[in-house]
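>
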Amino acid sequence: MNILEYKNYKTLKIRVDRGFAFVTIDNPPINLMDVALSMDMGRFAFQVQQDDEVRVIVWQSADPDFFIAHYDVSLLDALPKEQPTEKSELPEHKKWMVAARLDPKVSIAKIEGIVGGGGSEFCLSRDMRFGAIDKAIFSQKEAMIGILAGGGGTQFLTRKMGRARALEAMLGCGNFSAEIAERYGWINRALPADEINKFVEELAYRIAMIPQETVNLIKQCVVAAEEKSFEEGLLVETNLFEIAVRLPESKRRMGALLKADGQSREAELSYAKGEQDENLRDLINPK
Amino acid sequence: MNILEYKNYKTLKIRVDRGFAFVTIDNPPINLMDVALSMDMGRFAFQVQQDDEVRVIVWQSADPDFFIAHYDVSLLDALPKEQPTEKSELPEHKKWMVAARLDPKVSIAKIEGIVGGGGSEFCLSRDMRFGAIDKAIFSQKEAMIGILAGGGGTQFLTRKMGRARALEAMLGCGNFSAEIAERYGWINRALPADEINKFVEELAYRIAMIPQETVNLIKQCVVAAEEKSFEEGLLVETNLFEIAVRLPESKRRMGALLKADGQSREAELSYAKGEQDENLRDLINPK
Amino acid sequence: MNILEYKNYKTLKIRVDRGFAFVTIDNPPINLMDVALSMDMGRFAFQVQQDDEVRVIVWQSADPDFFIAHYDVSLLDALPKEQPTEKSELPEHKKWMVAARLDPKVSIAKIEGIVGGGGSEFCLSRDMRFGAIDKAIFSQKEAMIGILAGGGGTQFLTRKMGRARALEAMLGCGNFSAEIAERYGWINRALPADEINKFVEELAYRIAMIPQETVNLIKQCVVAAEEKSFEEGLLVETNLFEIAVRLPESKRRMGALLKADGQSREAELSYAKGEQDENLRDLINPK
Numbered sequence: 199m200n201i202l203e204y205k206n207y208k209t210l211k212i213r214v215d216r217g218f219a220f221v222t223i224d225n226p227p228i229n230l231m232d233v234a235l236s237m238d239m240g241r242f243a244f245q246v247q248q249d250d251e252v253r254v255i256v257w258q259s260a261d262p263d264f265f266i267a268h269y270d271v272s273l274l275d276a277l278p279k280e281q282p283t284e285k286s287e288l289p290e291h292k293k294w295m296v297a298a299r300l301d302p303k304v305s306i307a308k309i310e311g312i313v314g315g316g317g318s319e320f321c322l323s324r325d326m327r328f329g330a331i332d333k334a335i336f337s338q339k340e341a342m343i344g345i346l347a348g349g350g351g352t353q354f355l356t357r358k359m360g361r362a363r364a365l366e367a368m369l370g371c372g373n374f375s376a377e378i379a380e381r382y383g384w385i386n387r388a389l390p391a392d393e394i395n396k397f398v399e400e401l402a403y404r405i406a407m408i409p410q411e412t413v414n415l416i417k418q419c420v421v422a423a424e425e426k427s428f429e430e431g432l433l434v435e436t437n438l439f440e441i442a443v444r445l446p447e448s449k450r451r452m453g454a455l456l457k458a459d460g461q462s463r464e465a466e467l468s469y470a471k472g473e474q475d476e477n478l479r480d481l482i483n484p485k
Numbered sequence: 199m200n201i202l203e204y205k206n207y208k209t210l211k212i213r214v215d216r217g218f219a220f221v222t223i224d225n226p227p228i229n230l231m232d233v234a235l236s237m238d239m240g241r242f243a244f245q246v247q248q249d250d251e252v253r254v255i256v257w258q259s260a261d262p263d264f265f266i267a268h269y270d271v272s273l274l275d276a277l278p279k280e281q282p283t284e285k286s287e288l289p290e291h292k293k294w295m296v297a298a299r300l301d302p303k304v305s306i307a308k309i310e311g312i313v314g315g316g317g318s319e320f321c322l323s324r325d326m327r328f329g330a331i332d333k334a335i336f337s338q339k340e341a342m343i344g345i346l347a348g349g350g351g352t353q354f355l356t357r358k359m360g361r362a363r364a365l366e367a368m369l370g371c372g373n374f375s376a377e378i379a380e381r382y383g384w385i386n387r388a389l390p391a392d393e394i395n396k397f398v399e400e401l402a403y404r405i406a407m408i409p410q411e412t413v414n415l416i417k418q419c420v421v422a423a424e425e426k427s428f429e430e431g432l433l434v435e436t437n438l439f440e441i442a443v444r445l446p447e448s449k450r451r452m453g454a455l456l457k458a459d460g461q462s463r464e465a466e467l468s469y470a471k472g473e474q475d476e477n478l479r480d481l482i483n484p485k
Numbered sequence: 199m200n201i202l203e204y205k206n207y208k209t210l211k212i213r214v215d216r217g218f219a220f221v222t223i224d225n226p227p228i229n230l231m232d233v234a235l236s237m238d239m240g241r242f243a244f245q246v247q248q249d250d251e252v253r254v255i256v257w258q259s260a261d262p263d264f265f266i267a268h269y270d271v272s273l274l275d276a277l278p279k280e281q282p283t284e285k286s287e288l289p290e291h292k293k294w295m296v297a298a299r300l301d302p303k304v305s306i307a308k309i310e311g312i313v314g315g316g317g318s319e320f321c322l323s324r325d326m327r328f329g330a331i332d333k334a335i336f337s338q339k340e341a342m343i344g345i346l347a348g349g350g351g352t353q354f355l356t357r358k359m360g361r362a363r364a365l366e367a368m369l370g371c372g373n374f375s376a377e378i379a380e381r382y383g384w385i386n387r388a389l390p391a392d393e394i395n396k397f398v399e400e401l402a403y404r405i406a407m408i409p410q411e412t413v414n415l416i417k418q419c420v421v422a423a424e425e426k427s428f429e430e431g432l433l434v435e436t437n438l439f440e441i442a443v444r445l446p447e448s449k450r451r452m453g454a455l456l457k458a459d460g461q462s463r464e465a466e467l468s469y470a471k472g473e474q475d476e477n478l479r480d481l482i483n484p485k
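The structure is reproduced here in structure tokens:
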């Protein structure tokens, strides 16, 4: 049982169980990212940060038609008209995006409905994204009302799909199916609507088996690959590998694998053929 | 009616109408990028730059078999043999490629035939590219004659498709169908030959609705994402968003959307279901 | 006939013929990357480097089920437990990875079975990768035993498939089919199992026709595109193009092409329609 209680959220239903947090967005009628939803999301981010039991966070929606429609335009319309002073520092929620790339809690967005604007940006700031075929619809239509995807969207989309496709999405303001979103790199993968739950749950389960320190080291390597030259990135990887291979839990798992003859042809074939996870899991975490 | 007249082009047919320029390449027998076509392209680039009415430029071909075969090899063969001095500055046409990334006029290549070499590089330097299935054929075969894709091709292809696929294209010198070109990122998307016109026209129409200042701000964000670290790019986006949200035209459009109850469930569902563009357009630009 | 003999390899079968080296991994029962295989690979890399006749290296496996299972875990388990000192320089095999990006010998991995861990990293460090549909299975499961893909894997995967998919692969530790591996950018392309040999051989044959100096110049352009800004990369390309176009062999090939009327409509159509390679090859290398 979890020591923290996730109470008094108006727009989120939160279920924490055995290392997982399932967070269901429930803000009718369209899951608009309004003041209530934004505040709940911020509060949850703060609370879960202190919850050592949670290893994987899965975001989903209570509404079969909408994941998150977009950010509330009335909040943008209410911004002051005078010219802004140029900022030299990121606002807090963007500092968080930078830091979150190293968060040892892994976040996954499971998108089964319409998601646009700030909702799409929220998904893009998660570690992984999956979309349901014939149900999920992605868009970034800020330019239609003269603005731009200022919640990280311009940076995430360009990095994920490249300049030409990011411009098509952000200037063309079209609707993108899950399949096209996969082909463009907007999401990891498009999945049949009746398989997405099982896929995401199994993925989350496998990720939750990885030692937290290992997750953190891998995320550091990934950020190095994104931000450094190939040569510098390889050096970061080299030093972090030396740490990983000496973790007591790594030693324990390598020993268990070898002791169980886990490099035999039979075992290796089984890992690669679907039953692998059960077998490898049993080797590493014997009941 | 457009104040500028696009006259006396030998190899281009230019039709300018309500914000769009449709430029048809017509240089028989293979749309070779020879002196005549190169000069016409340079002249058009200069002329359209001063034409405030043109917002979107669509490039297409008069020849159903060829978009642009490639650059004229006889011009390359005529280059002097003495060793070159190393340049420390880009030639003019490459300075233009760097600057064009911020051009508020959006350019689209609609490719329905064979395109290779310098023709492919020309397409790669446009903002977006679409290819007709079973008709468009892409290649970058410079290496077969000992040279390389020196018109930006080595940089565009590597950035769009990554090292391994760029090497396959540039060293293997094969022919790539529209479908493979899409999977490799050479083009935005492969479309059925009988749908590509409609798709590109609708896309161009939607893009032409975006305020020019917004297009320019979004392009600045995209370049920041391509060239800067994630943190620096987010800061650029933050400052440009603050400008975008205060544009008078943005204020007008946000107000129109809210006044028409554009965040209702019914309206949001319609935006995502195909009829969205008409509805959203009417909200923003009432007749 | 090749002047060097490739003898006394325990785990590799090497056939060198007319510019090609076909290297067949044969280390039963699972092509484990153990001491024997690692040493043979290192020795081959050193030997082939001095073999001017070899232009293209194709890696394949003698075992229909396994390409390379992974690195031998018992070697990792035997590493000392004391904390490592931070390295400021890459180990030799990673210095080689950096240098190999400019190797004028082109390497291709033809993957028709299971490949994981260090075996996958070996493939990722080749210039190109192709996988057989329904036979090749890719994985990067180091995290299951607490460690990470320290042989370049974290850097290669992030650069090839982006952050979200690299995290899915490295934290989810799943099995990836050839089709998904293609969609994620792990490999260049997934090919039907009965076509992969012909495809790779034809590709290798075309690459072997390219002058070595041209291959080297193109690889320099690609590295510039990966590591420099767009503007700096274009400048590198500009200077290397000026060298390429003045190579005597380039002059000869351009002359041969023009002399044979190789820019005619008929010739150009033939290049793009499948019979192109024979025709263009004959122009350039008349029998």
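Residue numbers (this note's numbering), protein chains in the order written: chain Y, 199 to 485; chain X, 199 to 485; chain E, 199 to 485. Just so it is clear, CB atoms sit at the ideal spot from N, CA and C, and this is done for glycine as well.
(1) Could you tell me the alpha carbon to alpha carbon distance between Ile312/X and Leu300/E, rounded to whole angstroms?
(2) Skipping 5 residues on each side, what residues in its chain have a beta carbon closer than 6 Å to that of Met359/Y?
(3) Return the first residue and the last residue of the beta strand (DSSP E) that Arg213/Y is part of.
(4) Considering only C-alpha positions, which residue in the set Ser468/Y, Glu399/Y, Tyr469/Y, Arg463/Y is nearest to Asp261/E?
(5) Apart from the five residues on each side of it in sequence, which residues of its chain come closer than 8 Å, Cβ to Cβ, to Gly240/X?
(6) For Gln353/X and Glu425/X, what's the separation of their Cα atoms in angstroms?
(7) List, in chain order, every chain X residue whose beta-carbon is nearer than 9 Å to that of Asn225/Y.
(8) Using a cut-off of 8 Å between C-beta atoms, extract the partners of Thr436/E located in chain X.
(9) If we require 4 or more residues per run, which alpha helix (DSSP H) segments fall completely within the stretch 293-373 of chain E?
(10) Taking DSSP as the reference, what is the three-state secondary structure of Gln461/Y?
(11) Tell me, please, whether the CB atom of Val420/E is closer than 8 Å to any CB atom in chain Y?
(12) If you count every other CB in all the chains shown that lies within 10 Å of the CB of Met237/E, and 16 or more means buried, which is it?
(13) What's the gap between the Cα of Glu310/X and the Cα of Thr209/E?
(14) If we call anything under 8 Å between Cβ atoms a contact, is Leu369/E one with Gly350/E?
(15) Count the other C-beta atoms from every protein chain shown that fall within 10 angstroms of the C-beta of Ala297/E, then say buried if there are 16 or more, exposed otherwise.
(16) Can you confirm whether Asp392/X, when its beta carbon is compared against all beta carbons of chain E, has any partner nearer than 8 Å?
(17) Within the 8 Å Cβ cut-off, does Val214/X reach chain E?
(18) Can you give me the Cβ contacts of Leu273/X inside the same chain, cut-off strictly under 8 Å, excluding the 5 residues immediately before and after it?
(19) Beta-carbon separation of Ser406/Y and Val256/Y under 8 Å?
(20) Strictly under 8 Å for the Cβ-Cβ distance: is Glu425/E near chain Y by that measure?
(21) Could you say which of Asp459/E, Gly317/E, Glu340/E, Ser305/E lies nearest to Val221/E if we only look at CA atoms?
(22) My understanding is that Leu455/X touches Ile345/Y, with C-beta atoms under 8 Å, so please give their C-beta distance in whole angstroms.
(23) List, in order along the chain, the chain Y residues whose C-beta lies closer than 7 Å to that of Cys371/E?
(24) Would Ile441/Y pass as a contact of Ala341/E if the rule is Cβ separation under 8 Å?
(25) Is the shortest distance between the beta-carbon of Gly360/Y and the beta-carbons of chain X less than 8 Å?
(26) Measure the alpha-carbon distance for Gly506/X versus Ala422/X and round it to whole angstroms.
(27) Buried or exposed: which applies to Leu235/X, given that a residue is buried once 16 or more other Cβ atoms fall within 10 Å of its Cβ?
(28) Can you tell me the Cα-Cα spacing of Pro278/X and Lys449/E, whole angstroms?
(29) When you compare the CB of Val443/Y with every CB in chain E, is at least one pair closer than 8 Å?
(30) Helix, strand or coil for Leu202/E per DSSP?
(31) Measuring straight from C-alpha to C-alpha, what distance separates Ala470/E and Ile394/X?
(32) Mind listing the chain X neighbours of Pro282/Y? Cutoff is C-beta to C-beta under 8 Å, in chain order.
(33) Within 10 Å of its beta-carbon, does Gln338/E have 16 or more other beta-carbons around it, so buried, or fewer, so exposed?
(34) When you compare the CB of Leu274/X with every CB in chain E, is at least one pair closer than 8 Å?
(35) Could you tell me the distance, in whole angstroms, from the CA atom of Gln281/Y to the CA atom of Glu447/X?
(36) Hey, does Glu430/Y have any beta-carbon neighbour from chain X nearer than 8 Å?
Considering the structure as presented:
(1) 31 Å
(2) Tyr382, Gly383
(3) 210-215
(4) Arg463/Y
(5) His291
(6) Computed Cα separation, rounded: 13 Å.
(7) Result: empty, since nearest Cβ-Cβ is about 12 Å, beyond 9 Å.
(8) Lys285, Leu288, Pro289, Lys292, Gly348
(9) 315-322, 351-370
(10) coil
(11) No, Val420/E does not count as interfacial toward chain Y.
(12) exposed
(13) 50 Å
(14) no
(15) exposed
(16) no
(17) no
(18) Asp232, Val233
(19) Before going further, note that residue 406/Y is Ala rather than Ser in the sequence given. Not a contact, by the Cβ cut-off of 8 Å.
(20) yes
(21) If we check each option's Cα against that of Val221/E, Ser305/E comes out closest.
(22) Wrong, their Cβ atoms sit about 11 Å apart, outside the cutoff.
(23) Arg404
(24) Their beta carbons are not under 8 Å apart, which means Ile441/Y does not touch Ala341/E by this criterion.
(25) yes
(26) Outside the displayed range of chain X (199 to 485) lies residue 506/X, so it cannot be described from this structure.
(27) buried
(28) 10 Å
(29) yes
(30) coil
(31) 21 Å
(32) Asn437, Glu440, Ile441, Arg444
(33) Buried, by the Cβ-count rule.
(34) Leu274/X belongs to the set of residues whose beta carbon lies under 8 Å from a beta carbon in chain E.
(35) 15 Å
(36) no
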